[in-house]
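Sequences listed follow chains B, U, A and L, in order. FYI, the numbering for the first sequence is 1 to 84, going by our numbering. FYI, the numbering for the second sequence is 1 to 84, going by our numbering. FYI, the numbering for the third sequence is 1 to 152, going by our numbering. FYI, the numbering for the fourth sequence is 1 to 152, going by our numbering. The beta-carbon is built from N, C-alpha and C at its ideal position, and this holds for glycine as well. Fair warning: this is a prediction, and the values are worked out from it, not measured in the lab. Have a look at the structure below, then the notes.
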Amino acid sequence: MLKVLYFARLREAVGVAQEDISPPEAVVDMNGLMAWLAARGGAWQQEFAGSRPLRAAINQELVPNTATFKDGDEIAFFPPVTGG
Amino acid sequence: MLKVLYFARLREAVGVAQEDISPPEAVVDMNGLMAWLAARGGAWQQEFAGSRPLRAAINQELVPNTATFKDGDEIAFFPPVTGG
Amino acid sequence: MAVRVQTEDFDAGAEITRLRLSRPDTGAVAAFIGQVRDLSEGADISTMTLEHYPGMTEKALERIIQQAGERWDIFDALVIHRIGELKPLDQIVLVLVSGAHRDEAFAACEFIMDYLKTEAPFWKKEQTSTGERWVEARASDDEARQRWMEKH
Amino acid sequence: MAVRVQTEDFDAGAEITRLRLSRPDTGAVAAFIGQVRDLSEGADISTMTLEHYPGMTEKALERIIQQAGERWDIFDALVIHRIGELKPLDQIVLVLVSGAHRDEAFAACEFIMDYLKTEAPFWKKEQTSTGERWVEARASDDEARQRWMEKH
C-alpha cells in the first residue's frame, strides 16, 4: 500500500488531499503510477497524462519520474513550487 | 592657493591634517604636486615619492595622478580606503 | 543553522541581532526579506494563502542550508518561512547568513533563496479583485538556480 | 535613496521595516550588516576607530547608490555607515536595497558594498593587545569591485 498526497492546484483539481492506494504489481515507478492515476479519467486524466507540469516526491524527497517506490512509501504529487 | 587635506595613516606620518599651500606655477597636476611635497624630505619624502600606495581627490572626487587642478581647489591625499 | 515554518510573523531585526552576536568573530550578515506585493499581473491582491507540505518543507530547507554550509565558509544561517493566510505587505520569508566576510555571506544567502524558490514545497494562491488563482512558477527562478550548477 | 554617516548606532530591523513598507509593490529587501570582529590577524581588538573625509564620504556614497539605481530596477536604497570609536560586535555599516524582485535587490546590495569598500573614504584603525595599527586595504576588495566592470 502507498500513501499518496496531492497539493495546491493539483489537490483542488482532483478533489483529493490524501489517499491510501494499492496499484497493480506492474506499477513500480512514478511514470507507471501517473499513468495508472490518469486512467481514472476526468480531472485525473487532465492532470496526470503529461500535459501539465507536475513534480513528484517519494518519502519527502523530490524524485524524477523514473524513480521507483516500494510498499509503504509516502508519495506526493504537486505543481512546481512557488514559495519565497 | 590650494587647500590640502591628509587622512588616516598618511596624516599621522606627515603630522599635518590640513594646510593651505601655493606651489610654484609649474606644478599643475597631482604627479607634480606629489613630487613637490616629497621634496620637503623626511616623512614627506617617504610618503609621496611613490613607494607607498596613495589615493588622491580633487574637490572630493577621486582622481588619477595625472589629473590637473586649479587655484582654489580642495586637494586630498589618503591611503587606500578601508571602510565597510 | 535553523529552519522555521510558521504562521506567525517574525522580527527580522531581532533575528539579525541574535545571529550577528552569536559569534564574536562574525564580520558580516547578509539578509533577505520577501513580502507580499499588493499587485499581481495588474490585479489588486486582497489575500495570499501559502500552502506547504509539512515534513518535507523542513527537510528541504534544512538540506538547502546544509548545502550552503558545505559550499561556503559561513558561520550560521536561518530560514523562516510563513504559511497560511497573508495580506499585502506581510512578510513571507527571511533568510540570514553570517560569516567572517561579506562575499561568502552574500553568495550563500542568494543560493539559499534560489534553491528555496525551486525546491521547497510551498505554493501561493492569490485572492484578487478578479478572483483567485494559483501563482505559476517562473522560468527565471529555474534559471537562477541553474547558475549555481555552472559555477565552481 | 539615502545616506547617513553617523557616530550613533542604528536599528537594522526598523530600517528594513521602513524600507519594505514604503512602497506596496515592494517584494524583496536585500540587506547587509557589517560589524567589528573581535579578532584581527590573531590579535584581540579592544577598539576600532573609523576616520572619514567629511563631505566627500557622503558624495561618494550617494554616487554609488545612484549608479546602483541606474544599473538595476530597484525601488529604494539606504546606506548607514558609522564613524568614531567602535568596539567588537558593534555594527559598522548597513546597506539595504528594496525592489520588486530578489535578483535585482541582491545584485544592487552587493554592488553598493563592493564600491563602498573601494571608493568611500573611510579608514579603520585597530587598537589591539599588541598595539594599534591602520587596517590595510585588501586586494580581494579591488577584485570584488572589478567584476562589476566585466559584467553587462
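Chain-ordered neighbours of residue i on chain L, where CB pairs are closer than 7 Å
i, result
"Glu85 of chain A", "Those do not exist, as Glu85 of chain A stays about 18 Å from chain L at its closest Cβ, beyond 7 Å."
"Gly41 of chain U", "Within 7 Å Cβ-Cβ: nothing; Gly41 of chain U doesn't reach chain L, min ~23 Å."
9 Å Cβ cut-off: residues of chain L touching residue i
i, result
"Pro24 of chain A", "Arg37, Asp38, Leu39, Pro88 and Leu89"
"Phe106 of chain A", "Ala30, Phe32, Phe106, Cys109, Glu110 and Met113"
Test: residue i CB closer than 7 Å to a CB of chain A
i, result
"Gln60 of chain B", "yes"
"Ile64 of chain L", "no"
"Arg52 of chain B", "no"
"Leu164 of chain L", "Chain L is shown from 1 up to 152; residue 164 of chain L falls before or after that span and cannot be answered."
"Leu21 of chain L", "yes"
"Ile45 of chain L", "no"
Residue of the options minimising C-alpha distance to residue i
i, options, result
"Glu58 of chain L", "L:Arg37, L:Ile83, L:Ser140 and L:Gly69", "L:Ile83"
"Leu39 of chain L", "L:Thr47, L:Ala12 and L:Ala2", "L:Thr47"
"Asp11 of chain L", "L:Gln127, L:Phe106, L:Leu78 and L:Lys87", "L:Leu78"
"Glu41 of chain A", "A:Val135, A:Cys109 and A:Gln67", "A:Val135"
"Glu61 of chain U", "L:Ala105, L:Met149 and L:Pro121", "L:Pro121"
"Ile33 of chain L", "A:Phe106, A:Glu126 and A:Lys87", "A:Phe106"
"Gln50 of chain B", "B:Glu25, B:Ala35 and B:Ala26", "It is worth fixing the name first, because residue 50 of chain B is Gly in this sequence and not Gln. Gly50 of chain B has its Cα closest to that of B:Ala35, out of B:Glu25, B:Ala35 and B:Ala26."
"Ala100 of chain L", "L:Ile80, L:Gln6, L:Val3 and L:Leu21", "L:Leu21"
"Asp103 of chain A", "L:Gln91, L:Asp141 and L:Leu89", "L:Asp141"
"Gly72 of chain U", "U:Phe7, U:Glu19 and U:Phe48", "U:Glu19"
"Val3 of chain L", "L:Lys125, L:His81 and L:Arg37", "L:His81"
"Leu50 of chain L", "L:Thr26, L:Phe75, L:Ile92 and L:Glu119", "L:Ile92"
"Thr7 of chain A", "A:Arg133, A:Ala108, A:Cys109 and A:Lys87", "A:Lys87"
"Val16 of chain U", "U:Arg40, U:Tyr6, U:Glu47 and U:Leu2", "U:Tyr6"
"Ser109 of chain L", "L:Gln127, L:Gly69 and L:Arg37", "For the sequence presented, residue 109 of chain L should be read as Cys rather than Ser. Selected option, being the one with the closest Cα: L:Gly69."
"Ala28 of chain A", "L:Ala139, L:Gln35, L:Thr26 and L:Ala28", "L:Gln35"
"His52 of chain A", "A:Val5, A:Thr26 and A:Asp25", "A:Val5"
Contacts that residue i makes with chain L (C-beta to C-beta distance below 8 Å)
i, result
"Val81 of chain U", "Lys117, Thr118, Glu119, Ala120, Pro121, Phe122, Trp123 and Ala137"
"Leu78 of chain A", "None at all; the shortest Cβ gap to chain L is about 13 Å."
Bridge-paired residues (DSSP) for residue i
i, result
"Trp123 of chain L", "L:Glu51"
"His81 of chain A", "A:Val5 and A:Val93"
"Ser40 of chain A", "A:Ala43"
"Trp134 of chain L", "L:Lys125"
"Ser98 of chain L", "L:Val29 and L:Asp76"
"Leu62 of chain U", "U:Ala57"
"Thr68 of chain U", "U:Asp29"
"Gly34 of chain L", "A:Ala28 and L:Val93"
"Ile21 of chain B", "B:Leu2"
"Glu15 of chain L", "Answer is none; Glu15 of chain L lacks a bridge partner."
"Ala76 of chain U", "U:Leu5 and U:Ala57"
"Leu86 of chain L", "L:Met48"
Cross-chain neighbours of residue i in chain A, by beta carbon under 9 Å
i, result
"Phe48 of chain B", "Going along chain A, no residue has its Cβ under 9 Å from Phe48 of chain B, so there is no contact; the nearest lies around 17 Å."
"Asp11 of chain L", "Gly13"
"Ala144 of chain L", "Arg102 and Asp103"
Contact with chain B by residue i, beta-carbon distance below 7 Å
i, result
"Met56 of chain A", "yes"
"Trp134 of chain A", "yes"
"Arg3 of chain A", "Before going on, a small fix: residue 3 of chain A reads as Val here, not Arg. No, Val3 of chain A lies away from the interface with chain B (no Cβ there is under 7 Å from its Cβ)."
Minimum Cβ-Cβ distance from residue i to chain U less than 7 Å
i, result
"Gly34 of chain L", "yes"
"Val97 of chain L", "no"
Interface partners of residue i on chain A, CB under 7 Å
i, result
"Gly27 of chain L", "Gly34, Gln35 and Arg37"
Beta carbon proximity, residue i to chain L, threshold 7 Å
i, result
"Phe77 of chain U", "no"
"Phe7 of chain U", "yes"
"Ile74 of chain A", "no"
"Gly15 of chain U", "no"
Neighbouring residues, chain U, relative to residue i (Cβ below 9 Å)
i, result
"Ile92 of chain L", "Gly83 and Gly84"
Interface partners of residue i on chain A, CB under 8 Å
i, result
"Ala56 of chain B", "Per Cβ cutoff of 8 Å: no residues; Ala56 of chain B is ~11 Å from chain A at best."
Handout entry: Inter-stretch contact at 8 Å, needing at least 3 Cβ pairs: the stretch 6 to 23 of chain A / the stretch 88 to 99 of chain A
Key = yes
Exercise for the section: Pair every Cβ in the stretch 107 to 118 of chain L with every Cβ in the stretch 5 to 13 of chain U, then say whether three or more of these pairs are closer than 8 Å. Expected result: no
Practice task
For the stretch 135 to 145 of chain A and the stretch 51 to 65 of chain A, state whether three or more C-beta atom pairs, one from each stretch, are separated by less than 8 Å.
Solution key: no
Problem - Validate contact between the stretch 74 to 81 of chain B and the stretch 47 to 54 of chain B using beta carbons, cut 8 Å, 3 pairs - result: yes
Exercise for the section: Could you tell me whether the stretch 58 to 78 of chain U touches the stretch 24 to 33 of chain U, where touching means 3 or more Cβ pairs closer than 8 Å? Expected result: yes
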